[in-house]
Structures are given as C-alpha cells and as structure tokens.
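Here is the structure we will look at, set down as structure tokens.
Protein chains in written order, with the numbering used here: chain A, 6 to 261; chain B, 53 to 377.
This is the structure we're talking about:
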C-alpha cells in the first residue's frame with residue numbers, strides 16, 4: 006500500500022505567541038517547533054497500516070528549511086522517505102496554495118491513501134486535506150477517530166455533534182486525523198540514526214510546475230482582545246462564596 | 053459581477069440547526085451594508101417545507117435542492133450541489149458554519165471554487181466593500197484579520213458566537229437541480245450512532261462545567277455532573293484529565309480538543325495551561341474555582357473563587373437549584 010502523510014511544523018502547544026509590532030506576523034524568536042499534533046496521528050496510522058498491509062510511507066511537508074526536522078522526526082518514527090517543498094514564495098501560503106503544492110508533489114507518486122492532520126494548530130485553518138482531495142479528484146473523510154482498510158475501501162469513524170458516523174469510502178482517499186485515532190509512538194534511537202540516511206527530495210514551486218496564488222491573506226495579526234479584570238469572591242466560608250458566585254452569575258452576568 | 057451574500061444553511065433530521073439562523077442574521081447585516089440581497093442554500097431530502105423559515109432571519113431567497121441523494125450529508129453530494137449553484141449565481145460572499153459538517157463542506161468548496169476562506173471566524177464585517185473576517189489563530193493566542201481575494205469570498209462562522217436577529221424578509225423558496233452524478237458519489241454514511249446521553253455538544257452548549265487535574269480522578273466528576281444537570285450544562289475536561297483517562301476524548305476543551313464559546317464556562321480545578329485557555333477564552337463569561345490563587349485561569353476569569361472545589365461546587369449546585377427553582 007502506498008501511503009502518503011502530509012505534515013506541518015508548528016509552534017509547540019505551550020508556546021506563547023507574540024504578534025510583531027507591525028502586525029505582519031508572529032514573532033518566531035524562542036519558539037519551540039514541533040510536528041503538528043494532529044499530523045502525528047496521521048504518521049502513526051500510516052505506520053500501523055504499513056505494518057499490517059506492507060507498502061511504504063512517504064512524508065510530504067511544505068515549509069522553510071527548519072521543516073526538515075519535522076520530516077526527519079516522521080522518518081525516525083518509521084516512515085520511508087520524504088518530500089520537502091521549500092520555497093520562500095510559499096511562506097505565506099494559504100490553504101489553497103499549500104494544497105496546490107502538496108497535490109503537485111503527490112500526483113507524481115503512487116498514493117492509495119493520504120493522511121493529513123484535521124487541522125494545523127498554528128493557522129487553525131483545517132482546509133488543506135479537503136482542498137488536496139479536491140485537487141487530486143479523490144474523496145475525503147475528515148476528522149477521523151478510527152479507521153479500517155478493507156481491500157480498496159475504507160470505513161472511518163467520525164464524531165459529529167451528538168453522534169458518531171461510520172463512513173465508507175473508496176480508495177484512493179484523503180483521511181484527516183483527529184485525536185483518538187491512535188497513540189503516536191516515539192522515535193527510537195536506532196530509528197533516529199536510520200532517519201538520517203533516508204532519502205528526502207527537496208523541491209521548490211518551479212520544480213512542481215506551480216506558482217503561489219494566495220487567495221486568503223492575513224492582512225493583519227493582532228493580539229487577542231483583553232478581558233476586563235475579573236472579580237475574586239472573598240471570604241472564608243465555601244458555602245457563602247458559592248452563594249455569592251451563584252448570585253453574580255444570575256444577577257450581574259445574567260447567564261444562569 | 054459577483055453579487056449577494058450567500059449562506060449554506062445546515063439542517064439535521066429535517067430541522068435547522070441554530071448555526072443556520074446565526075448565518076442568516078450575520079449575512080443580513082453584511083448585505084445591508086452592501087445594499088445587496090441574502091440568499092440561502094438548503095440541501096436535504098423532504099426539507100422543502102422548512103426552507104421558508106430562514107426568511108424570518110433576513111433571507112430574501114432560499115435555493116432548495118430536495119433530493120434523496122442529499123440525505124444524509126456526504127461531502128461529495130453536498131459539495132457538488134453547492135458548487136453548481138454557486139457557479140451559476142456567482143455569489144460575492146459565501147458563509148458556512150464552522151460546525152463539523154460545515155468545516156468539511158466549506159473546505160472542499162474552497163477547492164472546488166478555487167478560492168480562499170477564513171475559517172472559524174468570530175467576527176465578520178465589510179471594509180471598503182469587501183469582507184473582512186476576524187478569526188482566532190494559534191487557538192486564540194492571536195487573531196488574524198483576513199481578506200479573501202478569490203471569489204466568492206468565503207468564511208466559516210464559529211457556532212454560538214454570532215447573534216440571532218429576527219428581520220423578516222421574503223424567504224422566497226426556489227427549487228434547483230443539484231445535478232448529481234451517482235458515479236461521483238464515492239463516500240457514504242454506513243451507520244449513525246447517536247449519543248445515547250442526549251447531551252448537547254460542547255461546541256453548541258450555552259453553559260459548560262469543566263474539570264481538570266484538580267478533580268483528582270474520574271469519580272470527582274460526579275459533582276460537576278450534578279451542577280451541570282441543574283444548569284442544563286455540558287461537562288467538559290482539560291487535556292490533563294483526558295490524558296489521564298478520566299474523561300473521554302470528546303470532552304476535551306483546548307488547543308488539541310474542542311474550541312468552545314459558551315455563554316458561561318465554569319472551570320473547576322483547572323489551572324489554565326495556555327493550551328487550555330486557548331480553547332475557551334472566547335466564552336462570554338468565565339468563572340473559575342481553584343484552590344491555587346496563582347493559577348493562570350484567574351487571569352481569564354470574570355469571577356473567581358479561591359477554595360477547595362469539592363467544598364464549593366456542591367454548595368454552588370444547591371444555590372443554583374434555589375435560584376432556578
């Protein structure tokens with residue numbers, strides 16, 4: 006089975022995000038970069054499928070030079086090879102442009118199933134997997150917490166508000182991974198050593214025959230709106246404090 | 053020339069979901085600024101009867117495709133139908149909900165219509181005749197003001213954030229043929245398993261009572277369930293509680309869980325790790341109960357109680373029961 010996983014390097018969830026004074030982006034100084042957590046579920050699921058059905062796992066990432074670390078992490082977990090799409094023209098890519106680059110790279114390699122994270126925790130856009138599927142002309146199943154492959158079909162579990170769906174799709178297909186799909190493995194020391202020698206192709210936009218055409222642009226980054234300072238309910242008696250809180254919620258905030 | 057503010061309304065089992073009225077009301081506001089009309093797309097089977105309801109919230113025209121192939125929702129059928137009518141009518145702005153279904157559909161449409169979209173917006177306005185969409189990024193650690201240069205200008209709206217405003221318009225119902233080709237429908241819903249508890253999803257809840265590491269174990273959540281029952285709230289959890297196996301993954305609020313916007317979020321025994329704060333800071337009111345007065349959650353809270361939650365929460369339940377009696 007030919008398995009492709011799209012991964013993105015993002016700031017760690019514990020990272021403080023500071024907006025640059027001119028609002029042109031975020032200040033990257035001091036940020037610890039990691040693989041997008043949802044993409045880790047994709048990598049893990051790909052490796053489990055490979056272990057069960059055989060085949061090979063290709064990692065594809067769009068990002069600057071540092072994104073190579075994330076590709077190597079996936080290779081250290083057990084993936085076979087990588088494609089690193091690195092082009093300054095793609096640094097401010099929106100979902101459509103990123104998916105165009107991924108599609109151009111993936112078109113030229115065999116692909117039975119493609120995993121993406123259900124969203125990246127930096128831009129929180131959650132579009133790339135679906136746009137990629139559309140550009141490749143294949144179906145998508147998004148936000149998946151359980152996956153079974155049966156021949157050339159899949160069955161995927163997808164939680165929606167108040168229910169769970171079991172969705173069937175033919176392959177090839179894009180599956181976007183949600184937390185709960187699996188528990189990603191850590192790279193082993195031998196895995197890390199081996200990863201250094203695994204092949205990674207580096208391509209730019211021209212090599213992929215594409216140009217960046219950004220259709221949704223963040224014109225300005227701003228810090229989150231400040232919340233007004235809150236009230237601390239004082240006193241020594243828990244019951245009295247609880248009563249005061251209930252009263253505030255009822256009479257001042259009017260939310261209960 | 054692209055025109056009209058369009059929405060894709062969402063219905064399930066023949067009833068509109070709340071997000072549909074939020075979309076209609078928001079579209080009306082934008083359209084009024086553009087002196088333009090609001091059109092809605094409603095898809096499903098046996099749903100023509102409900103379509104006119106959208107008129108109450110400011111929709112001028114409702115395009116309905118009533119077709120057995122559109123029930124239940126599948127990406128393939130819905131995206132094909134919406135793309136067809138969008139291409140025929142060239143909307144200036146197209147809004148969807150950032151619900152599970154809306155996220156799936158809207159992102160596929162970005163591909164089909166070769167345009168751009170601002171996802172999960174918390175505010176939208178018109179600036180210089182164009183859509184300006186404001187959306188949390190990095191799970192709310194910063195915000196982006198997004199301009200879409202593609203057409204239509206697409207945005208998905210975070211559920212529970214936009215007001216529903218009644219503003220009666222014609223709501224004229226027009227049928228359209230979704231033009232579905234069965235050969236293109238590659239996915240199908242095999243089974244729907246409804247949540248037996250019938251609890252409101254965290255993303256749609258008006259009130260959330262959430263517990264973290266301070267709950268000390270799965271049994272600690274009993275007192276939160278009791279408070280939630282009195283308030284008609286949904287119980288949520290922090291990542292620490294989910295990773296410890298105390299609560300199911302579907303309860304997790306935060307950067308790697310659900311991003312929620314209730315009217316009231318009651319955080320119990322949650323210290324307020326940045327990735328948790330990111331997932332709930334768009335709540336309208338936040339109350340925190342924690343025995344550590346230095347806990348970061350208090351920097352976000354409108355109301356704070358510094359005390360043992362196991363003493364405060366049962367008393368709060370009693371008080372709320374009295375007030376709501």
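We put the CB at the ideal spot given by N, CA and C, even for glycine.
Keep in mind it's a predicted model, so treat the numbers as computed, not measured.
Starting from residue i and walking both ways along the beta strand (DSSP E), at which residues does that stretch end?
i, result
"residue 100 (chain B)", "First-last for residue 100 (chain B): 100-103, but that is the alpha helix (DSSP H), not the beta strand (DSSP E)."
"residue 205 (chain B)", "205-209"
"residue 164 (chain A)", "158-165"
Output yes if chain A places a C-beta closer than 8 Å to the C-beta of residue i; else output no.
i, result
"residue 357 (chain B)", "yes"
"residue 337 (chain B)", "yes"
"residue 147 (chain B)", "no"
"residue 204 (chain B)", "no"
"residue 262 (chain B)", "no"
"residue 128 (chain B)", "yes"
"residue 286 (chain B)", "no"
"residue 221 (chain B)", "no"
"residue 188 (chain B)", "yes"
"residue 350 (chain B)", "yes"
Using 10 angstroms around the beta-carbon of residue i, count the other beta-carbons present and answer buried if the total reaches 16, otherwise exposed.
i, result
"residue 119 (chain A)", "buried"
"residue 198 (chain A)", "exposed"
"residue 71 (chain A)", "exposed"
"residue 372 (chain B)", "buried"
"residue 112 (chain A)", "exposed"
"residue 169 (chain B)", "buried"
"residue 158 (chain A)", "exposed"
"residue 246 (chain A)", "buried"
"residue 215 (chain A)", "buried"
"residue 239 (chain A)", "exposed"
"residue 233 (chain A)", "exposed"
"residue 242 (chain B)", "exposed"
"residue 246 (chain B)", "exposed"
Looking at the C-beta of residue i, does it have a partner C-beta in chain B at a distance below 8 Å?
i, result
"residue 139 (chain A)", "yes"
"residue 261 (chain A)", "yes"
"residue 173 (chain A)", "yes"
"residue 166 (chain A)", "yes"
"residue 224 (chain A)", "yes"
"residue 184 (chain A)", "yes"
"residue 235 (chain A)", "yes"
"residue 44 (chain A)", "no"
"residue 71 (chain A)", "no"
"residue 52 (chain A)", "no"
"residue 191 (chain A)", "no"
Once the 5 residues before and after residue i are set aside, which same chain residues still bring their CB inside 6 Å of it?
i, result
"residue 141 (chain A)", "108"
"residue 192 (chain A)", "81, 82"
"residue 317 (chain B)", "260, 332, 335, 338"
"residue 117 (chain B)", "95, 133, 228, 230"
"residue 68 (chain A)", "14"
"residue 105 (chain A)", "215"
"residue 3 (chain A)", "Residue 3 (chain A) falls outside the range modelled here, since chain A spans only 6 to 261, and no answer is possible."
Helix, strand or coil, according to DSSP, for residue i in the structure here?
i, result
"residue 144 (chain A)", "coil"
"residue 66 (chain A)", "strand"
"residue 196 (chain B)", "strand"
"residue 239 (chain A)", "coil"
"residue 174 (chain B)", "coil"
"residue 189 (chain B)", "strand"
"residue 302 (chain B)", "helix"
"residue 262 (chain B)", "strand"
"residue 174 (chain A)", "strand"
"residue 169 (chain B)", "strand"
"residue 64 (chain B)", "strand"
"residue 246 (chain A)", "helix"
"residue 118 (chain B)", "strand"
"residue 182 (chain B)", "strand"
"residue 191 (chain A)", "coil"
"residue 277 (chain B)", "helix"
"residue 217 (chain B)", "coil"
"residue 16 (chain A)", "strand"
Can you name, in chain order, every residue of its own chain whose Cβ lies under 8 Å from the Cβ of residue i, other than the five neighbours on each side?
i, result
"residue 38 (chain A)", "14, 15, 16, 17, 71, 74, 75"
"residue 240 (chain B)", "126"
"residue 50 (chain A)", "120, 152, 180, 182, 186, 187"
For the alpha helix (DSSP H) that contains residue i, what are its first and last residues?
i, result
"residue 328 (chain B)", "326-332"
"residue 50 (chain A)", "42-58"
"residue 310 (chain B)", "Premise fails: residue 310 (chain B) is in no alpha helix (DSSP H) and is neither H nor E."
"residue 212 (chain A)", "First-last for residue 212 (chain A): undefined, no H or E at that position."
"residue 366 (chain B)", "361-376"
"residue 127 (chain B)", "127-141"
"residue 101 (chain A)", "100-112"
"residue 9 (chain A)", "Careful: residue 9 (chain A) lies outside any alpha helix (DSSP H), inside the beta strand (DSSP E) at 7-12."
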